[in-house]
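The structure under discussion appears below in the form of structure tokens.
There are 2 protein chains.
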Amino acid sequence: MKTKKQSHTREKIITAAYELFYAQGYQGATMDKIIERSGVSKPTVYSYFSTKEDLCVAYLKERHKREMASLDEAIDWEKTPQDRYMAVIRWLKRALMDSGYRGCGFFNMVSEIPDPGNPIIVEAKSYIDEFRETIKSLVLDVKNSEPKKKNLDPERIADTYYIVLCGAIMGSQEYREPWPIDRAIEEVERLIS
Amino acid sequence: MKTKKQSHTREKIITAAYELFYAQGYQGATMDKIIERSGVSKPTVYSYFSTKEDLCVAYLKERHKREMASLDEAIDWEKTPQDRYMAVIRWLKRALMDSGYRGCGFFNMVSEIPDPGNPIIVEAKSYIDEFRETIKSLVLDVKNSEPKKKNLDPERIADTYYIVLCGAIMGSQEYREPWPIDRAIEEVERLIS
DNA sequence: GTCTATAGTATGATAGAC
DNA sequence: GTCTATCATACTATAGAC
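Chains A and B are the protein sequences, given in the same order.
Residues 1 to 193 (the working numbering) make up the first sequence, in order.
Residues 1001 to 1193 (the working numbering) make up the second sequence, in order.
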């Protein structure tokens, strides 16, 4: 069927772009490599995505969708507000280790591309914003979970959570070891205790 | 004089490489751009640095030298162990703001280049290692400064300092705003209080 | 200046749906 | 047969390393 075939082709392109942009960065992942890996011909690739930048933005949107779905699932697996709060950084640990410590696909784009107006950076920031919103809402749930937590400052805790999380990502990417994430997990735990 | 001229030429190349590799990254800074900015002819540039990678490693070594000198100066400006300890992240805030939030020249290379065996990454890690050693020695000075600080865990504090610092760099680079660094400064302060 | 790599295009062919 | 999605290949132009 027509639509099925179309979407399958698009999927193949996105899959190849997903792997290569993440593993090798924007400039490291060339269109020729992506095309070769996708198994789709060059003209067809360009009929779906008219420029490399377009394809990269589409990849980041897909990544945004998948990562948020995976994170939400990890959070919903937990029952108590405290466990749900901790689920974010525990999810991160698993994701970073699984990636071989290649870091965050969005952060890496921010590091590589200096222009904040570039559509790739705009898309990356949209993910980061949503991520921080998720954290903030989990902190609020902790605050409202019991009287003892009423004195917590949610804005401050959420911001610190985010910074510690950024540090865990960069630190583990630099050393290719899990200890920065473990240190960060303890710090995040301390924030609400 | 011959040696003087040579070193001046080398300096001009390094200066151009310094600015462009930092502002635009490894792949974004092309040899043609660096050569044009340096005002040195192409063959001469290649007589000093036989490959782009060589030049980049030389740039990072120079950056390592300058940043460590600048950091040491900022630390030595302070008297008490506590102020010297805080000097690191205060120095960082100034450096990041002055750069227009382009982040850390070493971290950006780690994000852009996936191969940990690449000489550029090896050089970047040598800077990060030395940076962490500096932090650790300042934490030890705080610990030994007064009996009340004797119970501090220097390894743990130094590691957390480093992670929070990484987070401040990435966070301020993503938002191009100083608040992640300010939040980090408070967190670093708390670590020894 | 030379040679290669890269983004993107143009042309003609193929295979299946209708 | 037509129409459409796709493929294969050759091509251009530019940029980049050296």
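All C-beta atoms, glycine included, are put in the ideal place defined by N, C-alpha and C.
Residue i in three-state terms, based on DSSP
i: B/W1077; result: coil
i: B/A1016; result: helix
i: B/N1108; result: helix
i: B/Y1059; result: helix
i: B/T1009; result: helix
i: A/K65; result: helix
i: A/I113; result: coil
i: B/Y1026; result: helix
i: A/S99; result: coil
i: B/K1093; result: helix
i: B/C1146; result: It is Glu, not Cys, that sits at residue 1146 of chain B in the sequence shown. It is coil, neither helix nor strand.
Residue range of the unbroken alpha helix (DSSP H) whose run includes residue i
i: B/I1169; result: 1154-1175
i: B/P1180; result: 1179-1191
i: A/A124; result: 119-143
i: A/T44; result: 42-48
i: B/D1032; result: 1031-1038
Exposed unless 16 or more other CB atoms sit within 10 angstroms - verdict on residue i
i: A/A69; result: exposed
i: B/K1065; result: exposed
i: B/D1153; result: exposed
i: B/T1080; result: exposed
i: B/V1139; result: buried
i: B/E1133; result: exposed
i: A/N108; result: buried
i: B/K1002; result: Note on B/K1002: pLDDT 49, under 50, position unreliable in the model; the coordinate value appears next. It is exposed - the Cβ of B/K1002 has fewer than 16 other Cβ atoms within 10 Å.
i: B/E1155; result: exposed
i: B/T1160; result: buried
i: B/R1183; result: buried
i: A/E146; result: exposed
i: A/P114; result: buried
i: B/R1063; result: buried
i: B/S1172; result: buried
i: A/E187; result: buried
Of the residues the options, the one placed nearest residue i, counting alpha carbons only
i: B/K1012; options: B/Q1027, B/A1058, B/E1053, B/Y1026; result: B/A1058
i: B/F1131; options: A/R156, A/E174, A/R102, A/S126; result: A/E174
i: B/P1180; options: A/V164, A/A184, A/R183, A/P180; result: A/V164
i: B/R1102; options: B/R1183, B/N1144, B/R1176, B/D1182; result: B/R1176
i: B/E1073; options: B/W1091, B/R1063, B/K1061, B/E1062; result: B/W1091
i: A/Y26; options: A/T44, A/D182, A/K52; result: A/K52
i: B/K1061; options: B/E1123, B/I1075, B/E1112, B/R1094; result: B/E1123
i: B/D1129; options: B/V1142, B/A1158, B/I1169; result: B/A1158
i: B/Y1127; options: B/K1042, B/L1071, B/P1114; result: B/L1071
i: A/E112; options: A/Y22, A/R10, A/V88, A/T9; result: A/Y22
i: B/K1010; options: B/D1032, B/S1041, B/K1136; result: Before going further, note that residue 1010 of chain B is Arg rather than Lys in the sequence given. Per the Cα distances, B/S1041.
i: B/V1088; options: B/D1032, B/S1007, B/C1166; result: B/C1166
i: B/G1105; options: B/C1056, B/V1142, B/P1043, B/P1178; result: B/C1056
i: B/V1045; options: B/S1007, B/D1076, B/Y1162, B/I1185; result: B/S1007
i: A/D54; options: A/D76, A/E67, A/M31, A/K143; result: A/M31
i: B/I1135; options: B/F1049, B/P1043, B/I1075; result: B/I1075
i: A/M86; options: A/K149, A/E67, A/P178, A/V142; result: A/V142
i: B/E1067; options: B/Y1048, B/I1185, B/R1094; result: B/R1094
i: A/M170; options: B/K1125, B/I1185, B/N1144, B/K1148; result: B/K1125
Does the segment 90-99 of chain A come close enough to the segment 117-125 of chain A to have 3 or more Cβ pairs within less than 8 Å?
no
Any chance the segment 1183-1192 of chain B sits against the segment 1071-1087 of chain B, with 3 or more Cβ pairs inside 8 Å?
yes
Under 8 Å: do the segment 34-54 of chain A and the segment 16-24 of chain A share three or more Cβ pairs, one atom per stretch?
yes
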